[in-house]
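Heads up, the sequence shown is in the numbering used here, so the first residue is 355 and it goes up one at a time.
Backbone N, C-alpha and C define an ideal beta-carbon position, used for all residues, glycine too.
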Amino acid sequence: MPIEKALTENGRIMRIMVSDPWTFKEMWDALKQVHNSLDGVSHKVHLLFDLTRSRRIPMDMMQMASRPDIGHPKTDQLIFLGANFATRMMIGTLARAQRADNVHFFDDENKAQALLNKLKDV
Numbered sequence: 355m356p357i358e359k360a361l362t363e364n365g366r367i368m369r370i371m372v373s374d375p376w377t378f379k380e381m382w383d384a385l386k387q388v389h390n391s392l393d394g395v396s397h398k399v400h401l402l403f404d405l406t407r408s409r410r411i412p413m414d415m416m417q418m419a420s421r422p423d424i425g426h427p428k429t430d431q432l433i434f435l436g437a438n439f440a441t442r443m444m445i446g447t448l449a450r451a452q453r454a455d456n457v458h459f460f461d462d463e464n465k466a467q468a469l470l471n472k473l474k475d476v
C-alpha cells in the first residue's frame, strides 16, 4: 500500500506514511479518509506525513493547489518528515497558495517528535 494512515498519541497525531510509487488520486483519497476521521474527533489533530520512503512526486500533484477543500478545521500542524528538496518546494508552494503557516519540515524523526512533544505541552 503506497499510503497508510494511523491515528496515534491518543488521537492527537495522524501519521500518514507514503511509499513510492504513489499517485495524486491515492493521496487525495487518503486525505478524504483523514478528513472523515477528523470529523469524528472534538480536538485538533497534527498530521505527520512520513515521506522517508518516497523520493518522487506525481506530476499531477499541483492539482492540490486548486482544491479549496484541502484543509480541515480540526487540522493543527502539518509536519513533513524526510521530504526531499523538490517535495519541499512543491509543498511550500501549496502551503503559500493555501496561506498555511502551520507547515514544518524535518529530516530527523527525533526533531519532528520533539516538536510534537512541545505542542502536546501547549
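- [ ] Look at the Cβ atom of Thr429, then the Cβ atom of Leu402, and state whether they are nearer than 9 Å.
- [x] In this structure, Leu402 does not lie closer than 9 Å to Thr429 by Cβ.
Open item on the list: If you measure between the beta carbons of Lys359 and Val399, is that distance less than 9 Å?
Closed with: In this structure, the beta-carbon distance from Lys359 to Val399 does not fall below 9 Å.
Open item on the list: Within 10 Å of its beta-carbon, does Met381 have 16 or more other beta-carbons around it, so buried, or fewer, so exposed?
Closed with: Met381 should be labelled buried.
Open item on the list: For a test of the three-state rule: what should DSSP assign to Asp404, helix, strand or coil?
Closed with: If DSSP states are grouped into helix, strand and coil, Asp404 belongs with the strands.
Task: Contacting residues, own chain, Cβ-Cβ under 7 Å from Ser373 (five flanking each side not counted) - done: Closer than 7 Å at the Cβ level, and outside the excluded window around Ser373, lie Pro356, Arg407, Ser408.
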